[in-house]
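Structure record follows, encoded as structure tokens.
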Amino acid sequence: MVAPVYQPVSAATDPVAPDEDVHEWDVPPGQALSHSVRKAKGLLEKADQGLRRGEAISAERQELAELRRVVATLDAEVRAEFERTGLLLAEREVPASIKARHDETFARYREEVQALLADLASIETETDEELVTSTIERAFERLSQQKHRPSQQPFDPNQLPHEAQRPAVDNHPRTTREEFLGAGLLDTPLVQLAAIEGYRLDGLPGADDPAYLGESTEVRLSPEVHAKAAKLNHDPVEIYHWVRNQVEWLPTWGAVQDADLTLSARRGNAMDTASLLISLLRASGIPARYVHGTIEVPEEAFRNWAGGFEHIEEAMNYAASGGIPLTGLIEGGSIAHVRMEHVWVEAAVDFLPSRGAVMREADTWLPLDPSFKQYEFLSALD
Numbered sequence: 002m003v004a005p006v007y008q009p010v011s012a013a014t015d016p017v018a019p020d021e022d023v024h025e026w027d028v029p030p031g032q033a034l035s036h037s038v039r040k041a042k043g044l045l046e047k048a049d050q051g052l053r054r055g056e057a058i059s060a061e062r063q064e065l066a067e068l069r070r071v072v073a074t075l076d077a078e079v080r081a082e083f084e085r086t087g088l089l090l091a092e093r094e095v096p097a098s099i100k101a102r103h104d105e106t107f108a109r110y111r112e113e114v115q116a117l118l119a120d121l122a123s124i125e126t127e128t129d130e131e132l133v134t135s136t137i138e139r140a141f142e143r144l145s146q147q148k149h150r151p152s153q154q155p156f157d158p159n160q161l162p163h164e165a166q167r168p169a170v171d172n173h174p175r176t177t178r179e180e181f182l183g184a185g186l187l188d189t190p191l192v193q194l195a196a197i198e199g200y201r202l203d204g205l206p207g208a209d210d211p212a213y214l215g216e217s218t219e220v221r222l223s224p225e226v227h228a229k230a231a232k233l234n235h236d237p238v239e240i241y242h243w244v245r246n247q248v249e250w251l252p253t254w255g256a257v258q259d260a261d262l263t264l265s266a267r268r269g270n271a272m273d274t275a276s277l278l279i280s281l282l283r284a285s286g287i288p289a290r291y292v293h294g295t296i297e298v299p300e301e302a303f304r305n306w307a308g309g310f311e312h313i314e315e316a317m318n319y320a321a322s323g324g325i326p327l328t329g330l331i332e333g334g335s336i337a338h339v340r341m342e343h344v345w346v347e348a349a350v351d352f353l354p355s356r357g358a359v360m361r362e363a364d365t366w367l368p369l370d371p372s373f374k375q376y377e378f379l380s381a382l383d
């Protein structure tokens with residue numbers, strides 16, 4: 002990508018610290034010019050205030066004369082940079098809109114610098130005190146009216162636009178019904194029936210609610226979801242095991258992606274994975290819904306689940322950095338369990354007596370957690 006590195010004068014009129022010392026040989030011409038313009042603005046303000054108090058401003062006029070020569074030298078270098086950039090844009094055959102923005106910026110830069118140099122020259126050579134006063138006022142007002150935006154932001158490694166998230170120490174898991182109801186993480190899909198294929202739902206309370214067979218923002222009944230459900234024979238056992246074994250768990254929180262994206266990426270957090278499982282079940286005519294609750298996981302199992310961490314504190318910090326509300330439960334002076342908020346699925350299945358192998362009539366809201374799993378970590382070969 003090609004972009005000009007110099008801004009018009011209007012991008013260089015921010016106040017600077019009094020002790021800032023920039024040498025043109027230490028920085029690119031554009032940045033040196035920006036510093037010189039800011040310095041000129043300060044001198045113009047000082048001269049203007051001196052004139053209002055009836056003081057002599059010969060020292061300020063002399064400094065402005067020296068600055069004019071510096072600005073003129075740097076201006077030639079900056080113009081050359083603009084021209085080189087324009088040639089490079091033409092060689093790269095960039096879109097016309099980019100070239101137009103470059104030309105517009107260059108034209109605005111030339112206009113502003115020429116006006117500044119003319120004012121500084123007049124202040125240096127004019128003998129009429131009234132004309133000197135009006136020129137100083139005009140030049141200072143022009144620079145003051147420019148949009149104040151720095152030409153280059155100082156680098157602060159602690160304030161990067163994209164940085165690693167840190168665990169929130171006060172993000173504790175909810176433990177009461179009132180807290181969960183207030184969280185707003187509820188299953189509220191639109192009513193859109195899928196094919197039920199004779200599967201009876203009237204024997205299980207809530208299973209005949211059409212909402213549990215419909216779509217939502219996260220639950221998608223797309224052609225891809227229907228195709229995957231058909232490939233898995235619309236069998237809840239096969240569907241559950243496929244999602245659990247094929248979708249990698251990511252330690253983040255909330256609805257990040259919908260079922261289509263999770264199906265394609267084969268990875269997602271607890272809610273994303275639950276959305277995919279619900280979508281496949283609903284596409285098979287099996288009612289399914291989200292469950293949002295708090296679980297307790299043994300520390301060894303949690304370390305394994307989070308990625309094979311050696312220390313529980315590191316595993317908890319890793320998960321908490323993704324926004325998962327969790328806390329450690331202490332036993333015998335050390336963390337024995339991790340209490341965390343979690344999202345899983347309930348499906349209306351024919352569980353008795355076939356445990357879902359034969360689907361005739363829904364009799365059980367069966368909890369299905371496709372996210373929680375344990376891994377075997379193998380040592381790498383030399």
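Convert by adding 1 to the 1-based position in the sequence shown; the result is the number in my numbering. Backbone N, C-alpha and C define an ideal beta-carbon position, used for all residues, glycine too. Keep in mind the model is a prediction, meaning the values are calculated, not measured.
Cα-Cα separation, residue i to residue j
{"i": "residue 64", "j": "residue 320", "result": "59 angstroms"}
{"i": "residue 23", "j": "residue 91", "result": "Note on residue 23: pLDDT 44, under 50, position unreliable in the model; no value is reported."}
{"i": "residue 131", "j": "residue 146", "result": "22 angstroms"}
{"i": "residue 221", "j": "residue 247", "result": "18 angstroms"}
{"i": "residue 365", "j": "residue 173", "result": "31 angstroms"}
{"i": "residue 120", "j": "residue 323", "result": "56 angstroms"}
{"i": "residue 88", "j": "residue 30", "result": "19 angstroms"}
{"i": "residue 237", "j": "residue 285", "result": "8 angstroms"}
{"i": "residue 409", "j": "residue 35", "result": "Examination of residue 409 is not possible in this model, given that the chain is present from 2 through 383 alone."}
{"i": "residue 301", "j": "residue 253", "result": "20 angstroms"}
{"i": "residue 337", "j": "residue 298", "result": "9 angstroms"}
{"i": "residue 139", "j": "residue 101", "result": "30 angstroms"}
{"i": "residue 28", "j": "residue 278", "result": "57 angstroms"}
{"i": "residue 56", "j": "residue 48", "result": "9 angstroms"}
{"i": "residue 223", "j": "residue 262", "result": "11 angstroms"}
{"i": "residue 305", "j": "residue 329", "result": "16 angstroms"}
{"i": "residue 32", "j": "residue 171", "result": "44 angstroms"}
{"i": "residue 210", "j": "residue 95", "result": "56 angstroms"}
When the options are compared against residue i, the one with the closest alpha-carbon
{"i": "residue 314", "options": "233, 326, 291, 339", "result": "339"}
{"i": "residue 76", "options": "102, 57, 232, 107", "result": "107"}
{"i": "residue 38", "options": "74, 311, 252", "result": "74"}
{"i": "residue 110", "options": "79, 96, 97", "result": "79"}
{"i": "residue 265", "options": "226, 36, 218", "result": "226"}
{"i": "residue 142", "options": "50, 84, 350", "result": "50"}
{"i": "residue 125", "options": "70, 66, 140, 118", "result": "66"}
{"i": "residue 374", "options": "62, 271, 290, 262", "result": "271"}
{"i": "residue 216", "options": "276, 228, 255", "result": "276"}
{"i": "residue 42", "options": "297, 258, 251, 61", "result": "61"}
{"i": "residue 347", "options": "369, 335, 327, 337", "result": "369"}
{"i": "residue 176", "options": "377, 333, 327, 376", "result": "327"}
{"i": "residue 118", "options": "72, 332, 129", "result": "72"}
{"i": "residue 309", "options": "341, 257, 379", "result": "379"}
{"i": "residue 84", "options": "104, 40, 94", "result": "104"}
{"i": "residue 367", "options": "316, 353, 349, 304", "result": "349"}
{"i": "residue 351", "options": "312, 289, 376", "result": "289"}
{"i": "residue 283", "options": "231, 307, 334", "result": "231"}
Three-state secondary structure assigned by DSSP to residue i
{"i": "residue 371", "result": "coil"}
{"i": "residue 376", "result": "coil"}
{"i": "residue 97", "result": "helix"}
{"i": "residue 335", "result": "strand"}
{"i": "residue 127", "result": "coil"}
{"i": "residue 90", "result": "helix"}
{"i": "residue 279", "result": "helix"}
{"i": "residue 23", "result": "Bear in mind that a pLDDT of 44 at residue 23, under 50, signals an unreliable position, so the number given afterwards is only what the model happens to contain. Residue 23: coil per DSSP, three-state reduction."}
{"i": "residue 296", "result": "strand"}
{"i": "residue 220", "result": "coil"}
{"i": "residue 136", "result": "helix"}
{"i": "residue 152", "result": "A caution first: residue 152 carries a pLDDT of 49, below 50, which makes its placement in the model unreliable, though a value can still be read off. In this structure, residue 152 counts as coil in the three-state DSSP scheme."}
{"i": "residue 254", "result": "coil"}
{"i": "residue 327", "result": "strand"}
{"i": "residue 53", "result": "helix"}
{"i": "residue 176", "result": "coil"}
{"i": "residue 311", "result": "coil"}
{"i": "residue 31", "result": "helix"}
{"i": "residue 285", "result": "coil"}
{"i": "residue 210", "result": "coil"}
Opposing strand residues paired with residue i [DSSP bridges]
{"i": "residue 268", "result": "249"}
{"i": "residue 291", "result": "346"}
{"i": "residue 304", "result": "According to DSSP, residue 304 bridges with nothing at all."}
{"i": "residue 366", "result": "349"}
{"i": "residue 1", "result": "Because the chain spans 2 through 383 in this model, residue 1 falls outside it and cannot be assessed."}
Near the ligand ATP: residue i beta-carbon under 7 angstroms from a heavy atom
{"i": "residue 273", "result": "What this structure holds is no ligand at all, so the ligand ATP is not there to describe."}
Short Cβ contact (8 angstroms threshold) for residue i with residue j
{"i": "residue 244", "j": "residue 293", "result": "no"}
{"i": "residue 45", "j": "residue 137", "result": "yes"}
{"i": "residue 241", "j": "residue 371", "result": "yes"}
{"i": "residue 281", "j": "residue 268", "result": "no"}
{"i": "residue 341", "j": "residue 274", "result": "no"}
{"i": "residue 52", "j": "residue 134", "result": "yes"}
{"i": "residue 311", "j": "residue 256", "result": "no"}
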